[in-house]
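Worksheet: the structure to be examined is printed underneath.
Number of protein chains: 2
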Amino acid sequence: MKLSGGVEWALHCCVVLTAATEPVPAARLAELHGVSATYLAKQLQSLSRAGLVHSVQGKAGGYVLTRAADDITVLDVVEAVEGPQPTFVCTEIRQRGPMATPASACTAPCAIARTMYAADRAWRAALREVSVADLSRMVGTDYEGDVLGQLGQWLRTVD
Amino acid sequence: MKLSGGVEWALHCCVVLTAATEPVPAARLAELHGVSATYLAKQLQSLSRAGLVHSVQGKAGGYVLTRAADDITVLDVVEAVEGPQPTFVCTEIRQRGPMATPASACTAPCAIARTMYAADRAWRAALREVSVADLSRMVGTDYEGDVLGQLGQWLRTVD
DNA sequence: GAGTGGATACTCGGATAGGATCTGTCCGAGTGTCACCGG
DNA sequence: CCGGTGACACTCGGACAGATCCTATCCGAGTATCCACTC
Chain A
1 MKLSGGVEWA LHCCVVLTAA TEPVPAARLA ELHGVSATYL AKQLQSLSRA GLVHSVQGKA
61 GGYVLTRAAD DITVLDVVEA VEGPQPTFVC TEIRQRGPMA TPASACTAPC AIARTMYAAD
121 RAWRAALREV SVADLSRMVG TDYEGDVLGQ LGQWLRTVD
Chain B
160 MKLSGGVEWA LHCCVVLTAA TEPVPAARLA ELHGVSATYL AKQLQSLSRA GLVHSVQGKA
220 GGYVLTRAAD DITVLDVVEA VEGPQPTFVC TEIRQRGPMA TPASACTAPC AIARTMYAAD
280 RAWRAALREV SVADLSRMVG TDYEGDVLGQ LGQWLRTVD
């Protein structure tokens, strides 16, 4: 029950893209965060497949957020990278063994599955309440100085 | 982000142990649920290490709940099998790269980590609200007939 | 000087190895039970 | 008939392979840019 490490990278990238005014290449994002460029590219591909970011090819290409940062929740990013599958999968072991309950009596999930599903919903609800724009605002207030502004400026500088 | 399959087995075993009046061997629990006996034993060892169940060796040995089912939460079982590690680990990538924020400004977790930790807390809180006794009661009301009574009787029968 | 064509350099995308964790299995250590033997 | 002793059978516990998923990497497909050439 450990979240993939790529989730953290993807979230940071989304926040950074908030401060960008033009497409940002994956290599640039990797350099900024000091992580593997090729592996980060894989995460960004996941975001692209999920429709959270739009990729533009060519010389001045890169990634751009497809919609407003307020309309992208943290849950969207997590599900894009991690997959939409639930954290708990019930294998219906109550229908196995010598004391198996008949399938006709198994219309509703069992008590254990209900409990796990409820916890899963609570987790997702907490992630859905926060948007990428919220994260961006938090970053802005956490530190002194215009961090996001400096970030946008660094993205525009050529090396 | 997928929960280990052994969690489901462990939870079912805890509910079954509620209906038992004497130690139940791992092999018996495996037969009841129709799962691998050796692998289930591994999960029960985790429960034993966590102090949720007490193991008695010898001929009439097996596993017994150490405390009242009301005092064992679902979270206890999940953490026993899955480990107490949080679902999200922050690698502090904000301190890396050319725009790294100095370590002196990183006294509090970053916005992303805070959000993920909050979701983790919500998930754990939902699991903590339900006890094994609650599960047992739910199972009793879900189906017609005294399912737990039949279960206890089956456990006492020798094959 | 303006337009056009092509070469170029840069970007993303999917297919490809390596490592770690989860799943599943095995055999040895420990203990209560039972039968047997002696008093 | 009762107590002691020994062997036994049954249990758990940790050490050992196999499978699956995560991590990391590479090379090919596609496109906007730039430059040279022509009109």
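Chains as they are written, first to last, in this note's numbering: chain A, 1 to 159; chain B, 160 to 318.
Just so it is clear, CB atoms sit at the ideal spot from N, CA and C, and this is done for glycine as well.
Here the structure is a predicted model, which means the values were calculated and not measured.
If you follow the beta strand (DSSP E) that residue i is in, where does it begin and where does it stop?
i	result
A:Leu65	Gly62 to Leu65
Closer than 6 Å: is that where the CB of residue i sits relative to any heavy atom of the ligand COA?
i	result
B:Asp279	Ligands displayed in this structure: none; no statement on the ligand COA is therefore possible.
Is residue i close to chain A, meaning its C-beta is less than 7 Å from at least one C-beta of that chain?
i	result
B:Tyr302	yes
B:Glu241	yes
B:Ile271	yes
B:Arg187	no
B:Leu170	yes
B:Glu307	Checking the displayed sequence, the identity of residue 307 of chain B turns out to be Leu instead of Glu. Not one chain A Cβ lies under 7 Å of B:Leu307.
B:Leu191	yes
B:Thr274	yes
B:Val298	yes
B:Ala228	no
B:Ala219	no
On the DSSP letters alone, give me the boundaries of the alpha helix (DSSP H) that residue i sits inside.
i	result
A:Val130	From DSSP, A:Val130 is part of no alpha helix (DSSP H); its letter is neither H nor E.
A:Ala80	Val74 to Glu82
A:Thr18	Gly6 to Thr18
Check residue i in the structure and name its three-state DSSP category.
i	result
B:Ser195	coil
B:Val215	strand
B:Thr316	coil
B:Val183	strand
A:Asp146	coil
A:Val139	helix
B:Met275	helix
Comparing the C-beta of residue i with each C-beta of chain B, is any distance below 7 Å?
i	result
A:Arg156	no
A:Leu52	no
A:Thr87	yes
A:Leu135	yes
A:Arg96	yes
A:Ile72	no
A:Leu65	no
A:Val132	no
A:Val77	no
A:Leu3	yes
A:Ala119	yes
Since I believe residue j is in contact with residue i (beta carbons under 8 Å), could you give me their beta-carbon distance rounded to a whole number of angstroms?
i	j	result
A:Ala19	A:Gly152	4 Å
B:Val194	A:Ile93	7 Å
A:Gln85	B:Lys161	7 Å
B:Leu314	B:Arg187	7 Å
Segment contact, 8 Å Cβ cut-off, at least three pairs: the stretch 115-130 of chain A with the stretch 284-292 of chain B = yes
Touching or not, the stretch 135-152 of chain A and the stretch 297-304 of chain B, by the rule of three or more beta carbon pairs under 8 Å?
-> no
Cβ contact check for the stretch 223-242 of chain B and the stretch 98-111 of chain A: 3 or more pairs under 8 Å | no
Sufficient close CB pairs (3 or more, under 8 Å) joining the stretch 57-75 of chain A to the stretch 93-105 of chain A = no
Count the CB pairs spanning the stretch 31-46 of chain A and the stretch 163-177 of chain B that are closer than 8 Å, and state whether there are at least three.
-> no
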